[in-house]
Amino acid sequence: MHSERASFGLKLAAWGGLVFLHFPILMIFLYAFNAERSGASFPPKGLTLNWFRLAWSREDVREAISLSLQVASLATVIALLLGTLAAAALWRRDFFGKQSLSLLLMLPLALPGIISGLALLSAFKRLGIEPGTLTIVIGHATFCVVIVYNNVIARFRRTSHNLIEASMDLGADGWQTFRHIVLPNLATALLAGGILAFALSFDEIIVTTFTAGHERTLPLWLLNQLARPRDVPITNVVALLVMLTTMLPILAAWYLTREKPSQA
């Protein structure tokens with residue numbers, strides 16, 4: 001008889017994979033509280049919150065955090081607008097070139113980041129646009145649109161068109177139907193897509209490297225810190241901040257979009 005319970009070997013392999021993936025993250029979390037300045041001793045000789053105070057007192061860290069938050073927020077707003085409009089346009093209607101448009105929308109996420117970064121840098125140079133905050137936002141928005149589009153079009157496909165037809169039959173105009181029927185059905189998908197887009201933009205480094213110019217986002221700040229071993233405790237604290245800023249929104253997005261068990 002086939003058993004639905006996983007074997008011991010399969011459970012061991014699954015837990016081994018989780019430990020392999022998350023052990024480095026746990027070490028960064030631990031070292032962020034390490035009392036030693038070298039930040040390399042294990043186990044730590046003591047724990048402290050002093051590195052958090054020192055990290056926040058540094059102007060370069062605050063500027064990098066502020067820039068990353070600005071870029072992620074702007075890229076998320078652009079992605080929500082363009083991704084939602086694209087999903088609405090490609091939802092129900094069949095027309096010539098629909099599949100090609102869908103492929104083009106997915107392409108920025110499927111391409112390696114270095115290819116996207118080089119392409120964007122070349123395009124900006126041809127257009128005479130100097131690298132800076134604007135180019136970073138545009139670069140991040142190219143792949144954030146895909147995240148929002150995927151969430152919204154999946155929700156569109158699960159939305160019964162009968163509800164829209166019933167609303168129109170009862171005398172509601174287009175705006176009323178959108179506000180009372182479509183938008184409530186899309187709310188969690190939009191929120192989840194926006195959260196994921198913000199998280200991906202906040203910790204993006206490859207595309208940012210090609211589009212940032214002299215600007216320095218938080219991931220670029222971390223990359224530059226690798227050549228400064230004396231700042232290891234500060235680097236660990238900032239790395240922990242980046243992980244929490246990206247991990248928590250992703251967990252929230254998963255919670256909002258998970259399949260809920262049907263009730264009898």
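Note that full-length UniProt numbering has the sequence shown beginning at 1, numbered continuously upward. No residue lacks a Cβ here, since even glycine has one placed at the ideal position from N, Cα and C. All values reported here derive from a predicted model rather than from experimental measurement.
Just to confirm the assignment, what range does the alpha helix (DSSP H) spanning residue i have?
i, result
"phenylalanine 143", "133 to 158"
"histidine 161", "161 to 169"
"asparagine 34", "Where asparagine 34 is concerned, there is no enclosing alpha helix (DSSP H), given that its DSSP letter is neither H nor E."
"proline 184", "183 to 202"
"proline 219", "218 to 225"
"glycine 117", "113 to 127"
"aspartate 94", "Aspartate 94 -> no alpha helix (DSSP H), and no H or E assigned at all."
"leucine 54", "50 to 57"
"isoleucine 206", "206 to 211"
"glycine 174", "174 to 177"
Using only CA atoms, which one of the options lies nearest to residue i?
i, options, result
"glutamate 215", "Tyr31, Ser68, Leu196, Ile129", "Ser68"
"proline 131", "Leu49, Ala110, Val207, Ser160", "Val207"
"methionine 243", "Leu85, Ser57, Glu204", "Glu204"
Less than 8 angstroms between the beta carbons of residue i and residue j, yes or no?
i, j, result
"valine 237", "phenylalanine 23", "no"
"alanine 252", "isoleucine 195", "yes"
"alanine 212", "isoleucine 147", "no"
"leucine 240", "alanine 32", "yes"
"asparagine 34", "proline 233", "yes"
Going along the chain, which residues of its own chain have a beta-carbon closer than 7 angstroms to the beta-carbon of residue i, five neighbours each way excluded?
i, result
"glycine 174", "none"
"methionine 168", "Thr177"
"glutamine 225", "Asp231, Thr235"
Going by beta carbon distance, what residues of the same chain come within less than 6 angstroms of residue i, once the five residues before and after it are set aside?
i, result
"leucine 120", "Gly139, Thr211"
"valine 145", "Ala79, Leu82, Gly83"
"alanine 199", "Thr246, Pro249, Ile250"
Within a Cβ cutoff of 8 angstroms, which residues of the same chain sit near residue i, ignoring the five residues on either side of it in sequence?
i, result
"threonine 133", "Leu67, Gln70, Val71, Glu215"
"isoleucine 28", "Asn236, Ala239, Leu240, Met243"
Item to check | Inter-stretch contact at 8 angstroms, needing at least 3 Cβ pairs: the stretch 218 to 229 / the stretch 58 to 76 | outcome: Judged by Cβ distances under 8 angstroms, the stretch 218 to 229 makes contact with the stretch 58 to 76, as three or more pairs qualify.
Checklist entry - Given 8 angstroms as the limit, is there contact between the stretch 69 to 80 and the stretch 136 to 149, that is, 3 or more CB pairs closer than that? => result As far as the Cβ criterion goes, the stretch 69 to 80 touches the stretch 136 to 149, which means the pair count is three or higher.
Next on the checklist: Across the stretch 147 to 162 and the stretch 181 to 194, are there enough close Cβ pairs to call them in contact, namely three or more that are closer than 8 angstroms?
Outcome noted: Counting Cβ pairs under 8 angstroms, three or more are found: they touch.
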